[in-house]
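In my numbering, the protein residues as written are -1 to 897. No residue lacks a Cβ here, since even glycine has one placed at the ideal position from N, Cα and C. On a predicted model such as this, the values are computed, not experimentally measured, just so you know. Everything below concerns the one structure shown next.
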């Protein structure tokens, strides 16, 4: 059963039953009955198998549930419209008629569910109880035998050597537990098996045990399996023991002898508080290895810095592995007549060893060029839809809690290899209603937690980060996306359409257009139950076509995402989308908003960044549910807003608006505001802006861009942001750092742009207790910077750019003791390494962009400098050579830092 639909629907029914109105008793009774039926059928479906007749029944139940969702959503919207107009619901005759119509629809749904409920018994008798497994497998038995042979494991050599070193080297005594983490199909079990069976590991450990946790039913079985394997190795007869005795016995073995235990395929932390009690506190001899898809699990169970995070194979590794396994009988070389097809097929495998394994299985005895051409032209059905790949990857989906399933499936709407903006996803999920309510957290904060969890579970990949390691965008691996697309279509969750495919109206709730033609099927314009429309078309969409798409037949639409589409105007008909929560016009060529925008009373997010809208219509102040207004702005200006911006009482984000006397005054009424970006601020605005900021007790992020004029200098002395502030950006010339920094005890991010300070800013910033990320771009005109002892105690990233006069950086011993990333960018006179860089023992990455050639040469080769940076795991050089940017990586650390 799709919990992603049924749980939210059941909650909706519960909230609707609380409505008090005459004539509503009958509807409440029907709703109560329907809710009970859905809960019972949902519980039963969790326990039945997926035989054909069961799937048909489940599809029929879902169709009824979708119809019920339409009825309930329409009813809720009807109630909301009357509340907005200030009219009592029961005081109009036509609403009595409407109640009767709703009651009839609900009775029809009730009858349909009752009929399906009666039919479920015959299916239930056939069900197979889902179990985690009744037996323990001491060694994995997945895939082809040669997967575990060292000679067929190209791309694993370095990881295998690292894992063996961690297990066997005496100096690694602080390595208590190791985790091998990565998405399904990357070869975690294969790697662990090779290491477990390696002769060097065997001779270094007296006792070994392998437990496949995903197939273990209980904690007792895990303990029993470990003890059984230890006892068999000890040539003793196993005895039946209770849990306490088992734990004591295993603890004694691990304390007394040199033992290694591999826990393969760990999905969660459930039960590990008990299991971990068997491990001695001081385990200098015994070791533990976990394999898991979930980074959170790995980080909780492994010793610090001992997480081996597997990545997809590089293109040359994937090609070598494919050739060795497919053509090993002829020396591992691909015949020249097949190479063009073979290389393209391997490239489509996207570095996933499991996919290469399936491709090998399919092509092993294929000698005809036509067969290779056919496989390439139909790669999706030939490889991506293979049962082995889908079975292994679908385990990750099946293990998701219901609150994450819809969020995961939503990502299937984006094209292959598409970089999905973090905040675009987060705000879309909130608008869709996927996010649960948690006390003390905003919906967006909860949704960000969902995103982190999907990344941790290896279902999404981090694709882009900023210089503070904050996530900017993510993407789906090809095979993960293929799984999501398949499930989305089966569950009527989302359909992606392009001009090459036939569109079929099937009740789907979400439509994603990847390629659009003006002669698209007419049925596409009449999907009354559509909740979401995303357009990724790379061709121009005529305003008339867009108007047809968003007419009143789309009245249930909640998300309209047109980011990056070639659209020059937004039709007036957009005002008919009264249920719209999310309107994304980012990157479009739209120049103005229609006045009908004021009718979108449910709108939560309006994204105009990188559009051509530079003035908002007055009607926009009617959007009382608006949470995020993201307007266009650049270095020269922003978007003009109406004077009454202070009327948005629920607004969380206001970005890109231009400063004016009225706007600065009214913005102080936005007491729930968490993020504010205001541009073209003049020195005369400082006092009024300071007064407004004192009222914003929820403000977390503040960016002030001053007006750009030749002699304009900001003082900022009147500014007094709340103590809640965590991120501050100031752009423009300053005569000195304002006294406000002394009160910013919760500040974690600070960005100073083009401040052109004459005095070293570090003196005013060094004592900020929580400052973790500092960026100075054109902010200092001095020649020397000094980081004193015990200064910047919480700093993790330091980014220095465009400091044109800087010649020397001095780091005292004990300064920046937590620094992880140091970036020097375009500091043209800095030709020597920072003095004292060797004291930064926690530094993991040192990046140099566009720096003087003298400094780059010293980093590469000079023996006087290299010893100072040899402790840094990763050094990156980026420089211009004959009008071409060169990217050079220098790795100077041991493999211990593969995290």
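Integer-rounded CB distance, given that residue j should sit under 8 Å from residue i
i, j, result
"residue 567", "residue 588", "6 Å"
"residue 299", "residue 270", "7 Å"
"residue 555", "residue 528", "6 Å"
"residue 872", "residue 843", "5 Å"
"residue 816", "residue 788", "Residue 816 to residue 788, Cβ: 12 Å. No contact."
"residue 661", "residue 641", "7 Å"
DSSP bridge partner residues for residue i (one or two, in chain order)
i, result
"residue 656", "677"
"residue 787", "None; residue 787 has no bridge partner."
"residue 721", "Partner(s): none; residue 721 has no beta bridge."
"residue 262", "210"
"residue 732", "712"
"residue 701", "675 and 727"
"residue 95", "Residue 95 pairs with nothing; no bridge assigned."
"residue 179", "290 and 307"
"residue 204", "Residue 204 is not bridged to any residue."
"residue 845", "821 and 874"
"residue 530", "508 and 557"
"residue 318", "DSSP lists no partner for residue 318."
"residue 411", "DSSP, once it has assigned bridges, lists no residue as partnering residue 411."
Exposure label - residue i; buried when at least 16 CB within 10 Å
i, result
"residue 771", "buried"
"residue 902", "Summary: the structure shown does not reach residue 902, with the chain confined to residues -1 through 897, and so no result is reported for it."
"residue 10", "buried"
"residue 408", "buried"
"residue 321", "buried"
"residue 920", "The displayed coordinates of the chain run from -1 to 897. Any statement about residue 920 would go beyond what the structure contains."
"residue 475", "buried"
"residue 586", "buried"
"residue 743", "exposed"
"residue 348", "buried"
"residue 173", "buried"
"residue 433", "buried"
"residue 167", "exposed"
"residue 704", "buried"
"residue 707", "exposed"
"residue 284", "buried"
Proximal residues to residue i (C-beta, below 8 Å), its chain only, five neighbours per side dropped
i, result
"residue 951", "In the structure as shown, the chain begins at -1 and stops at 897. Residue 951 is therefore absent and cannot be evaluated."
"residue 880", "none"
"residue 193", "158, 161, 162, 165, 199 and 287"
"residue 7", "36, 63, 66, 67 and 70"
"residue 861", "For residue 861, the predicted structure reports a pLDDT of 49, less than 50, and the residue's modelled location is therefore unreliable. The matter cannot be settled from this model."
"residue 233", "Its pLDDT being 48, under 50, residue 233 is placed unreliably by the model, and the measurement read from it follows with that caveat. Around residue 233: no qualifying Cβ."
"residue 182", "291, 352, 390, 391, 393, 394 and 456"
"residue 855", "none"
Beta-carbon contacts of residue i that lie in its chain and below 7 Å, excluding the five residues immediately before and after
i, result
"residue 102", "none"
"residue 152", "315, 318, 319 and 322"
"residue 481", "388, 391, 392 and 395"
"residue 136", "Caution applies to residue 136, whose pLDDT of 37 falls short of 50 and renders its modelled position unreliable; the value that the coordinates give is listed next. 208 and 227, listed in sequence order."
"residue 133", "Caution is warranted here: a pLDDT of 32 is assigned to residue 133, below 50, making its placement in the model unreliable, and the coordinate value is therefore given only provisionally. Nothing listed; no residue qualifies."
"residue 792", "767, 768, 769, 770 and 816"
"residue 486", "407, 410 and 492"
"residue 471", "417, 418, 419, 420, 461 and 462"
"residue 380", "360 and 373"
"residue 841", "817, 818, 820 and 870"
Contact set for residue i: own chain, Cβ-Cβ below 6 Å, skip 5 residues either direction
i, result
"residue 886", "875"
"residue 774", "750 and 798"
"residue 754", "731 and 779"
"residue 603", "425, 580 and 626"
"residue 776", "752 and 800"
"residue 664", "643 and 644"
"residue 142", "Its pLDDT being 36, under 50, residue 142 is placed unreliably in this model, and the value from its coordinates should be taken loosely. None."
"residue 883", "none"
"residue 888", "873"
"residue 725", "699 and 747"
Any non-hydrogen atom of the ligand NAD closer than 8 Å to residue i Cβ
i, result
"residue 787", "Ligands are entirely absent from the displayed structure, and the ligand NAD is therefore not among its contents."
Starting from the N-terminal side, write out each stretch of the alpha helix (DSSP H) that is 4 residues or longer and does not extend beyond the region 420 to 459. Listed in chain order, they are 420 to 430 and 441 to 454.
Residue ranges of each beta strand (DSSP E) run of no fewer than 3 residues wholly in the region 803 to 842, ordered along the chain? The region 803 to 842 contains these whole beta strand (DSSP E) runs: 806 to 809 and 819 to 823.
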